[in-house]
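What follows is a short report on a single structure.
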Amino acid sequence: MLQFDDVSRTLCPHDAGPNVTSVNRPSLLLTTSSSNNVTATIKLRRVHDFFVEVNKELNLTVKPSTPKYYYFSFDSTPGNVTVGKGWRYLPRFNYTIPKSVILLIESDDDICATVSIQNNSCPVFDNERDVLYQGYHLTMTTKGGITLTQSMFPQGFYIVFIVRENDDACTGDSFGDHGDRIKEFRFRVIATMSYFEYLVGALVTLALALVLCLIVALLPLCTCSAQEIVVDTEVPTTSSGETSAGGPPPRTGNELDDDSLSESIPEWEGDLTRPLTVAGLSRATPNAHSRRSDRYFWSSLTVAVVYALPVVQLLITYQRMVFQTGDQDLCYYNFLCAHPLGTLSDFNHVYSNVGYIVFGLIFMLQVRRRNEQETGIPQHRGLLYSLGLALAMEGLLSACYHLCPNKMNFQFDSSFMYVIAVLCMVKLYQSRHADVNASAHATFMLLAAVMAIGLFGIMYPSVYFWALFTVLHLATCFVLTLKIYYLGQFRIDRYVALRVWRAVGEHGRLAFRPNYTARAVLLALANIANWALAIYGLYEHNKDFARHLLAILMGNTFLYTTFYVVMKLVNKERISLHCTLYLVGTLVCWALAISFFLDARTKWSQTPAQSRQHNAVCSVLQFYDSHDVWHVTSAAGMFLYFNMLLTLDDNLRYTPRDKIPVF
Numbered sequence: 001m002l003q004f005d006d007v008s009r010t011l012c013p014h015d016a017g018p019n020v021t022s023v024n025r026p027s028l029l030l031t032t033s034s035s036n037n038v039t040a041t042i043k044l045r046r047v048h049d050f051f052v053e054v055n056k057e058l059n060l061t062v063k064p065s066t067p068k069y070y071y072f073s074f075d076s077t078p079g080n081v082t083v084g085k086g087w088r089y090l091p092r093f094n095y096t097i098p099k100s101v102i103l104l105i106e107s108d109d110d111i112c113a114t115v116s117i118q119n120n121s122c123p124v125f126d127n128e129r130d131v132l133y134q135g136y137h138l139t140m141t142t143k144g145g146i147t148l149t150q151s152m153f154p155q156g157f158y159i160v161f162i163v164r165e166n167d168d169a170c171t172g173d174s175f176g177d178h179g180d181r182i183k184e185f186r187f188r189v190i191a192t193m194s195y196f197e198y199l200v201g202a203l204v205t206l207a208l209a210l211v212l213c214l215i216v217a218l219l220p221l222c223t224c225s226a227q228e229i230v231v232d233t234e235v236p237t238t239s240s241g242e243t244s245a246g247g248p249p250p251r252t253g254n255e256l257d258d259d260s261l262s263e264s265i266p267e268w269e270g271d272l273t274r275p276l277t278v279a280g281l282s283r284a285t286p287n288a289h290s291r292r293s294d295r296y297f298w299s300s301l302t303v304a305v306v307y308a309l310p311v312v313q314l315l316i317t318y319q320r321m322v323f324q325t326g327d328q329d330l331c332y333y334n335f336l337c338a339h340p341l342g343t344l345s346d347f348n349h350v351y352s353n354v355g356y357i358v359f360g361l362i363f364m365l366q367v368r369r370r371n372e373q374e375t376g377i378p379q380h381r382g383l384l385y386s387l388g389l390a391l392a393m394e395g396l397l398s399a400c401y402h403l404c405p406n407k408m409n410f411q412f413d414s415s416f417m418y419v420i421a422v423l424c425m426v427k428l429y430q431s432r433h434a435d436v437n438a439s440a441h442a443t444f445m446l447l448a449a450v451m452a453i454g455l456f457g458i459m460y461p462s463v464y465f466w467a468l469f470t471v472l473h474l475a476t477c478f479v480l481t482l483k484i485y486y487l488g489q490f491r492i493d494r495y496v497a498l499r500v501w502r503a504v505g506e507h508g509r510l511a512f513r514p515n516y517t518a519r520a521v522l523l524a525l526a527n528i529a530n531w532a533l534a535i536y537g538l539y540e541h542n543k544d545f546a547r548h549l550l551a552i553l554m555g556n557t558f559l560y561t562t563f564y565v566v567m568k569l570v571n572k573e574r575i576s577l578h579c580t581l582y583l584v585g586t587l588v589c590w591a592l593a594i595s596f597f598l599d600a601r602t603k604w605s606q607t608p609a610q611s612r613q614h615n616a617v618c619s620v621l622q623f624y625d626s627h628d629v630w631h632v633t634s635a636a637g638m639f640l641y642f643n644m645l646l647t648l649d650d651n652l653r654y655t656p657r658d659k660i661p662v663f
């Protein structure tokens, strides 16, 4: 128990408010539980700098027994302010009042404190227990802040400083060294943006997104690329090498439906000397391909609707709880760059996701404009539509997450990033393996398993879980390596060990020599990268598992894209100029995006008070911080990457499929 030989309270100044109806004589009551007489000295003194001015820094010293508070008024006649009618559970707002301020609080003492913002009315609650029932309140150690508008507190507000008796609320440790519990504060109130400046910041972001869409749409028209046209009158473009050698002709119509595509490809028997072409793995009818590809879009749409509706409902409930309770520790905002607007506590972080939605919808329109052809790489339009939908849903769910970001709803923000990463890898594989690709049902079942693993890793991040996950991760990499190296014709069954033993017996050490050097080297590098990620995850197993899982998926998407591009060059396939520009733009945007992402201004893996130490003022247009810029640059990077996927094989559009190699 803490003991103090002094206590002080600030008397609530009734004349600070506009509604003075009477003047009462104050009374002071002292009580003690001591059986002996206690001598007390009472002093009454004026509080200097009680009325806070804009841009003026004030210093104060506070102990648990001596809380202090100050008063700030937006104008000299708060009684003349009118307030519009609001919702039942939300504060009332008057949009004709543009004034807003940021309260910046700093301290050099790593002692837990509570700061409360209370309306201009008496009494002022200035102890640990009662402060929870009035206004807004937050915990802090060395840094804190909040954005406040005149529409929230039309008659001004009190700023209450309370040092807590222990650090449990800030660090989770209630048994630490309490010390003297004396904390020095520095605080100031600075003016922030008007609603006109809100509008400028919002329009700039939207304009940049639309300009990028226009550039991407016009770029193919402004660049001339040579088309690789191969004419072969002897071999039909829809047949494989085996068909031309006298094998059975490809089935047509309903004979080869989308449920039996994989049966059209012979199993691997150890002979890969014959070159395999896209025609050999694309023997189904266009209608069968279209039906199978469309299932990706309808599955994505179903998942998006079913997933998004409860997410929106839950996070709106979170937002209402913030207003009802005033607890600013519920949500992990960057409080020094969280501009409120209407019912949104952090409008800029919600709105900066608009790029994802715009780019996703525009990409779907681009896919619709492309014509189907019987030459070149199969388009798989349903899968491409799914990519655009997933990008738009990422923006929507990220905006919902930023209504009240915290540890329990981070997966809402990252779920469709998982979907995008997996769909991109499926698209790359499907380009050259149209008939043997995974179905939409299998793909989304895999995604469900990935999300379940992610949820378990967040809830129970033990070292045993990380070890088990690492084994699963590396085993999956091994199986996929064999699938890619053997062009999808390798199956792991009970005879695989026998086949390996037979090959070693026949060829000796030569059995371990790769037949496809470039493919083997690239896959080896990809496995090294995955081993590095796995080792890092084991070393940092006490950190954020959700981001580790996202890094694995996004990293492997990058590795597979690199593999695909390099294999195109190895096979002497050109890449169009506009596709090259998309690729360069993707790399630039993602380099910027990752740098801004790592410059985190909040960390929900820590306590709210510890997270506030990373808060910083807006750095772009006085409206956006580094995480907002991450939203913009990552959305642009994904949009350019999708366009790169869309046009990567444009130089093969008029090449017969039996002349396009599989890799």
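Everything in the sequence shown is counted per full-length UniProt numbering, starting at 1 for the first residue and increasing by one.
The beta-carbon is built from N, C-alpha and C at its ideal position, and this holds for glycine as well.
Assuming residue i and residue j are in contact, meaning their beta carbons sit under 8 Å apart, how far apart are those beta carbons, in whole angstroms?
| i | j | result |
| --- | --- | --- |
| H137 | T114 | 6 Å |
| S73 | M193 | At roughly 20 Å, the Cβ-Cβ gap does not stay under 8 Å, so S73 and M193 are not in contact. |
| A279 | R574 | 20 Å between Cβ atoms; not a contact. |
| H145 | S116 | One detail in the question is off: residue 145 reads as Gly in this sequence, not His. That belief does not hold up - the Cβ atoms of G145 and S116 are roughly 14 Å apart, past 8 Å. |
| M425 | T557 | 6 Å |
Considering only their Cβ atoms, is the gap separating residue j from residue i smaller than 7 Å?
| i | j | result |
| --- | --- | --- |
| G395 | R653 | no |
| V124 | Y158 | yes |
| L403 | L315 | yes |
| F623 | F363 | no |
| V419 | L397 | no |
| K56 | V62 | no |
| L391 | G360 | yes |
| V163 | R181 | yes |
| V570 | A518 | yes |
| Y332 | N406 | yes |
| V54 | V189 | yes |
| A338 | D346 | yes |
When you compare only the Cα positions, how much space is there between residue i and residue j?
| i | j | result |
| --- | --- | --- |
| H380 | E372 | 9 Å |
| V588 | T655 | 32 Å |
| residue 678 | M321 | The question about residue 678 has no answer here: the residues shown for the chain are numbered 1 through 663. |
| Y318 | P310 | 12 Å |
| P608 | T586 | 35 Å |
| L498 | A546 | 40 Å |
| G388 | Y485 | 29 Å |
| M567 | I111 | 58 Å |
| N409 | N530 | 27 Å |
| S151 | L583 | 47 Å |
| T561 | T481 | 14 Å |
| L646 | L336 | 40 Å |
| I102 | S605 | 25 Å |
| I660 | A434 | 13 Å |
| F153 | Y356 | 35 Å |
| F4 | T66 | 10 Å |
| D413 | A40 | 57 Å |
| L148 | A593 | 30 Å |
| T31 | L132 | 25 Å |
Cutting at 8 Å between CB atoms, please list the residues of its own chain near residue i, excluding the five before and the five after it.
| i | result |
| --- | --- |
| T470 | A534, G537, L538 |
| M417 | E394, L550, L553, M554 |
| Y464 | none |
Exposed or buried, what is residue i when buried is set at 16 or more other beta-carbons lying within 10 Å of its beta-carbon?
| i | result |
| --- | --- |
| F663 | buried |
| A442 | exposed |
| W298 | exposed |
| L648 | buried |
| C122 | exposed |
| P275 | exposed |
| C222 | exposed |
| T82 | Residue confidence is low: T82 scores 46 on pLDDT, short of 50, so the model does not pin down where it sits. Its coordinate-derived value is still stated next. With fewer than 16 Cβ atoms within 10 Å of its Cβ, T82 is classed as exposed. |
| L365 | exposed |
| K143 | buried |
What residues in its chain sit with their C-beta under 7 Å from that of residue i, if we drop five residues either side in the sequence?
| i | result |
| --- | --- |
| V47 | T10 |
| residue 709 | Here the chain has residues from 1 to 663 only, and residue 709 is not among them. |
| D294 | G382 |
| A440 | R295, Y296, S299 |
| C477 | N527, N530 |
Ignore the nearest five residues each way along the sequence and tell me which others in residue i's own chain have a CB closer than 6 Å to its CB.
| i | result |
| --- | --- |
| F51 | Y71 |
| W590 | G637 |
| H473 | A534 |
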